[in-house]
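Order-wise, the sequence lines are chains A and B.
As numbered in my numbering, residues 38 to 486 make up the first sequence, in order.
As numbered in my numbering, residues -3 to 298 make up the second sequence, in order.
Idealized CB from N, CA, C, for every residue including glycine.
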Amino acid sequence: MQPGIQKKLYDFIDILRDAGVTVSTDEILALFDAVPRIPFDDRVVFRQSLKTTLVKDFTDIPVFDTCFSEFFEGQASDIDISSLQEDTSQRFSREEADALEDMVRSFMESLSEDLIMEKEADELLSLFLEEIEAAGSSGGTGINLFQQRSDPVLSRYSGQGGEAGDDEERDRVNTLLLTLIKRNLPRKRIGKKINDREDYLLNKYIYQLTPEEIREMREIVRRFGQKLKNRISQRKKRVKHGSFDIKRTIRNSLQYGGVPFKISHRDKKIERPQIVVLCDVSGSVNQYTRFMLLITHTLQSLFSKVRTFAFISNMVEITPLFMEMDPERAINSIFHDTDFTYGWGSNYGRCFDMFVSDYSDSLTKKTTVMILGDARNNNQDPGLHSFIRMKERSKNIFWLNPDKKHLWDWGDSIASIYLPHCTEMKEVNSIIDLSQFIDKLFTDLALNR
Amino acid sequence: MFKDVDETINALAEEKYIASREIATTIFLAMKMEKPVLIEGPAGVGKTDLGKCVSSALDMDLVRLQCYEGLDESKALYEWEYAKQLLYTQILKEKLSCIMEDKDSLKEAVARLSNEEDVFFSDNFLLARPILRAVTSERPCLLLIDEIDKSDSEFEAFLLEVLSDFQVSIPEIGTIKANRKPFVILTSNNAREMSDALKRRCLHLYINYPTRELEEKIVSLKVPECGEKLTTEIVRAVHRIRELQLKKEPSISETLDWARALLLLGQSELNPETAVDTLNFILKYEKDIELAKKQAKNIFIH
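Below, the structure written as structure tokens:
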């Protein structure tokens, strides 16, 4: 394989890793096993070869596609270094050109991330030249490299040359350097850009997400939910050896002429958690609401025994809606078709009363109740009595509050009235917060049954 | 053996499987690199079919293992035939006393017995289950492990040895290595995430719903009576329906069912009314059908 291609593939792997795709050594070995077997000129085949060997998690495929098209089909790939090298080949030998590229690379490695992300290529070029000049006057390593090669073209940058009429040559070298920088720039940028954007969105206050960002996040939340689901399902290990299973033992013994040769046991499965989710969908938590409903939907698809309710001042069960429709449509139809209101603003007390009288059959000693809301009760009766009944009838109550902790009792929020009766009240602002909570919740539920 | 990607496509087409270049590339590479393939994707896009067609295109024996919860090594790898062993003991009883006759002490008898070959744990009593069968097969063979996500994670661990070294270790006998490496294809519907160890050993292929051109080809290949006009219209409608926000999108097999149904109804082109009446062939949820009906104008009229 040509060393150039190898280098390029390693660059690409770096980008994937920057973007958050896990690539292990096994996969790299497989890639280098595969590449010699395929024609390079067929873009589709080449792309699929990379994908099939490197990406093992299908949720990473969109990331791969973006990286691939930016790296191999974007600006970076159009820059053809060889023609430029030919152009200047009277002055550069192959090795010198390589050494030059190495220098540019190590220069770019040394730059901080911010510089890489913000500066344009020509700005970086002047930085690079400054550095060389500085190194030249103080005898730094960079310029030594040039001097050792005693290359007249490059040494000009140390300020020793400077003959008139060589401007043209200087320009040429500049162009070459600029090309080198342009070629290396995306390598550093692509993966980071994708990863940073996701990090930014996942960590952003859900309150502050703009509608565009929520749209953008849909895909991320879906991927995120899928990953969470995967992680949880991996933990759902079957516990073998439950109690003695007479029926199966006798059935098996027929094979050995009635001698119970093999003893069978009942399979024992870890019980899946039973969850009841109550979601405040009032205006005071507006953007948050759509988002929380999305999360609620994800929750319902994660666990098999989940009942979901939404409320403002009426408590409405939305489990069947979520079961029938995809989240987007379900959420829209919730706001169209359902009447959550009775009077004005959210009324936690009334809703808890309603829940206890109408739906308390959903609570058992195994149920975990999750309440998503800000506890802003518009100065109405908190319905504490009902809340305590709920607490008594369930295993535990978690309250996820989008407000920051120091705002919990601010205005009409009555968080601290409910607080002593919750197993835990938690500030949940971003998806990261939430996923940590769900992760922990499931582990706890699975462990102390 | 396929020579290149194009030949792979052609060979699969002869088996009536229309493969995209992506699919063909992965199959081609897997064959050349002798690596297993893990195929994922929505239900009904032809994951299992691909396995079957590859085996017949390459003239390989197909050994299929359907996974389910509780599948264990005795059903997937091998099992000892206890009943036969018991019977054998009875038969051997006399023979044994013959051998032992001239020995006086128990100690000598045991020594004599252990000199004999281990008769019980030998190939004679080994019941080969699909995986062992694929490994020991004399003819080239394709092992199709279907819906691996339905199995338990312990089962995956048994598979690891087969997938990386193409061998099966049996404690009583030793390691049985494949005479010729089987072509292994695993399919998964993502009910459960596969472990990293398993994924590392495989090439990964994600099959999504096909493009319009590809799906038209599939329909005209499988339901040739359909005619060009109806095929185009059906596929266009299905693709538009897939763009709606549905609970379950129609799969290729449902497109084919629909095409056959419309044919039986004597349609030669897609008439919006008949189409709406037969939506239940491609949509399996009441709410999805409702939504499609609401959008019928956009879907069926162009």
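Item to check | At least 3 beta-carbon pairs within less than 8 angstroms: the stretch 174 to 187 of chain B vs the stretch 140 to 152 of chain B | outcome: Counting C-beta pairs closer than 8 angstroms gives three or more between the stretch 174 to 187 of chain B and the stretch 140 to 152 of chain B, which meets the contact rule.
Checklist entry - With a cut-off of 8 angstroms, does the C-beta of His235(B) fall near any C-beta of chain A? => result Contact with chain A is absent for His235(B), since none of that chain's Cβ atoms lies less than 8 angstroms from the residue's Cβ.
Checklist entry - If we ignore side chains and look at the alpha-carbon of each, how far apart do Glu239(B) and Cys316(A) end up? => result When rounded, the distance between both Cα atoms is 29 angstroms.
Item to check | Cβ separation of Lys463(A) and Leu437(A), assumed to be a contact under 8 angstroms, to the nearest whole Å | outcome: At roughly 6 angstroms, the Cβ-Cβ gap stays under 8 angstroms, so Lys463(A) and Leu437(A) are in contact.
Checklist entry - Does Thr21(B) have its Cβ less than 8 angstroms from a Cβ in chain A? => result By this cut-off, Thr21(B) is an interface position.
Checklist entry - Does the separation of the CB atoms of Val215(B) and Ala255(B) fall below 8 angstroms? => result Cβ distance < 8 angstroms, so Val215(B) and Ala255(B) count as in contact.
Checklist entry - Name the chain A residues whose beta carbon is nearer than 9 angstroms to that of Arg176(B)? => result Within chain A, no residue has its CB atom less than 9 angstroms from the CB of Arg176(B), the nearest being about 19 angstroms off.
Item to check | Through-space distance from Leu336(A) to Asp476(A), alpha-carbon basis | outcome: C-alpha separation (whole angstroms): 11 angstroms.
Next on the checklist: Taking only three categories from DSSP, how would you classify Phe435(A)?
Outcome noted: Three-state DSSP puts Phe435(A) in a strand.
Item to check | C-beta atoms of Val343(A) and Thr404(A) nearer than 8 angstroms | outcome: Taking the C-beta atoms as reference points, Thr404(A) is found no nearer than 8 angstroms to Val343(A).
Item to check | Contact list for the stretch 86 to 105 of chain A against chain B, Cβ threshold 9 angstroms | outcome: Taking 9 angstroms as the Cβ-Cβ cut-off against chain B, the residues of the stretch 86 to 105 of chain A that qualify are Ser86, Lys88, Thr89, Thr90, Leu91, Val92, Lys93, Asp94, Phe95 and Ile98.
Item to check | Contacts around Thr178(A), its chain only, beta-carbon distance under 6 angstroms, and the 5 residues preceding and following it disregarded | outcome: Legend: pLDDT at Thr178(A) = 45, less than 50; position of this residue unreliable, no value from coordinates given.
Next on the checklist: Against chain A, does Lys280(B) count as a neighbour if the rule is that its beta carbon must be under 8 angstroms from one of theirs?
Outcome noted: Among the residues facing chain A, Lys280(B) is not included, as its CB has no counterpart in that chain under 8 angstroms away.
Checklist entry - Are the C-beta of Asp78(A) and some C-beta of chain B separated by less than 8 angstroms? => result So no, Asp78(A) is outside the interface.
Next on the checklist: Please tell me whether Phe298(A) has its Cβ less than 8 angstroms away from any Cβ of chain B.
Outcome noted: Yes, Phe298(A) lies at the interface with chain B (some Cβ there is under 8 angstroms from its Cβ).
Checklist entry - Leaving out five residues before and five after Phe346(A) in sequence, what residues of the same chain have Cβ atoms less than 6 angstroms from its Cβ? => result Non-local beta-carbon contacts of Phe346(A) in its own chain, meaning distances under 6 angstroms to residues more than five positions away in sequence, involve Leu315, Met352 and Glu354 in chain order.
Item to check | Expected contact under 8 angstroms - CB spacing of Thr22(B) and Leu201(B) to nearest Å | outcome: Contact between Thr22(B) and Leu201(B) holds, with the beta-carbon distance rounding to 4 angstroms and staying under 8 angstroms.
Checklist entry - Who are Ser450(A)'s beta bridge partners in DSSP? => result Residue pairing by DSSP places Ser450(A) opposite Arg413(A) in a beta bridge.
Next on the checklist: Does the CB of Arg17(B) have a neighbour CB from chain A at under 8 angstroms?
Outcome noted: Judged by the 8 angstroms Cβ criterion, Arg17(B) is in contact with chain A.
Item to check | Within chain B, the residues that Ser61(A) reaches when beta carbons sit closer than 9 angstroms | outcome: Within 9 angstroms Cβ-Cβ: Asp192 and Arg196.
Next on the checklist: Measuring alpha carbon to alpha carbon, tell me which residue in Thr59(A), Asn221(A) and Ser453(A) is nearest Asp159(A).
Outcome noted: Nearest of Thr59(A), Asn221(A) and Ser453(A) to Asp159(A), Cα basis: Asn221(A).
Item to check | Assigned secondary structure, Phe27(A) (DSSP; H/G/I helix, E/B strand, else coil) | outcome: What the structure shows of chain A is the stretch from 38 to 486, and residue 27(A) is not part of that stretch, so it cannot be assessed.
Item to check | Own chain residues within Cβ distance below 7 angstroms of Ser67(B), not counting five before or after | outcome: A small fix is needed here, since residue 67(B) is Leu in this sequence, not Ser. Same-chain partners within the cutoff: Ser147 and Phe151.
Next on the checklist: Using the Cβ count rule (16 or more neighbours within 10 Å means buried), how would you classify Tyr47(A)?
Outcome noted: In this structure Tyr47(A) is exposed. Its beta-carbon is surrounded by fewer than 16 other beta-carbon atoms within 10 angstroms.
Next on the checklist: In the DSSP output, which residue or residues are listed as bridge partners for Phe179(B)?
Outcome noted: Phe179(B) is bridged to Leu138(B).
Checklist entry - In the structure shown, what three-state DSSP assignment does Cys316(A) receive? => result Strand.
Checklist entry - In chain order, what residues of the same chain have a beta carbon less than 7 angstroms from the beta carbon of Ser120(A), not counting five sequence neighbours either side? => result Confidence at Ser120(A) is low in this model, with a pLDDT of 47, below 50, so the placement of that residue should be treated as unreliable; the coordinate-derived value is given next. If we look at Ser120(A) and ignore the five residues flanking it on each side, it has no Cβ neighbours.
Next on the checklist: Once DSSP output is grouped into helix, strand and coil, what is the label at Leu46(B)?
Outcome noted: Leu46(B) falls in the helix class under three-state DSSP.
Next on the checklist: Residues of chain B with CB closer than 7 angstroms to the CB of Asp70(A), please, in chain order.
Outcome noted: Per Cβ cutoff of 7 angstroms: Met29.
Next on the checklist: I want to see whether chain A comes within less than 8 angstroms of Tyr202(B), judged by CB atoms only; does it?
Outcome noted: Tyr202(B) counts as touching chain A.
Item to check | Buried or exposed by the 16-neighbour rule on C-beta atoms within 10 Å, applied to Gly294(B) | outcome: Residue 294(B) is actually Asn in this sequence, not Gly. When all chains shown are included, Asn294(B) counts as exposed.
Next on the checklist: For chain B, check one thing: does any of its Cβ atoms lie closer than 8 angstroms to the Cβ of Ala56(A)?
Outcome noted: So no, Ala56(A) is outside the interface.
Next on the checklist: Can you look up Glu90(B) in the DSSP assignment and give me helix, strand or coil?
Outcome noted: Note: Glu90(B) maps to helix in three-state DSSP.
Checklist entry - Of all Cβ atoms in chain B, is any one closer than 8 angstroms to the Cβ of Met362(A)? => result Yes - at least one Cβ of chain B is within 8 angstroms of the one on Met362(A).
Checklist entry - What residues from chain B crowd round Val314(A), counting only those whose CB sits closer than 9 angstroms? => result Residues of chain B passing the Cβ test: none, with the nearest at roughly 20 angstroms.
Next on the checklist: Using the three-state DSSP reduction, which class does Ser305(B) fall into: helix, strand or coil?
Outcome noted: This structure leaves residue 305(B) out entirely; chain B is present only between -3 and 298.
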